[in-house]
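Visitor:
Numbering (the working numbering), first residue to last: 42 to 138.
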């Protein structure tokens, strides 16, 4: 299956907000696979509804705040099990203080 992989180097362990940019549309998947990979931890798998636009006219959807250890990390968006088109324009990890 098709996937987009975004790799990061987390400089400081802590909490980071995961934000993903896409434009909602009725032909998008309501069950897009999103996997969070963090150093030394098992992958965390989520399902995202890409038919929805981001809140308040924002470009990015806030997926949540997650604990990341220092080291390599990745966000993987996949068409595996999706029930429509999968889109991803950009991914952000924002440190929460």
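Cβ coordinates follow ideal geometry from the N, Cα and C atoms, glycine included.
#1: Look up residue 120 in the DSSP assignment and say whether it is helix, strand or coil.
#2: Compute the beta-carbon to beta-carbon distance between residue 73 and residue 91, rounded to the nearest angstrom, for a pair I have assumed lies under 8 Å.
#3: Terminal residues of the continuous beta strand (DSSP E) containing residue 79?
#4: What's the call for residue 46, buried or exposed, on a 16-neighbour Cβ count within 10 Å?
#5: Which residues does DSSP pair with residue 97 in a beta bridge?
#6: Express the C-alpha separation of residue 107 and residue 115 in angstroms, rounding to a whole number.
Guide: The structure says:
#1: The answer is coil: DSSP assigns residue 120 none of H, G, I, E or B.
#2: That belief holds up - the Cβ atoms of residue 73 and residue 91 are roughly 5 Å apart, short of 8 Å.
#3: 73-79
#4: exposed
#5: Residue 97 pairs with nothing; no bridge assigned.
#6: 13 Å
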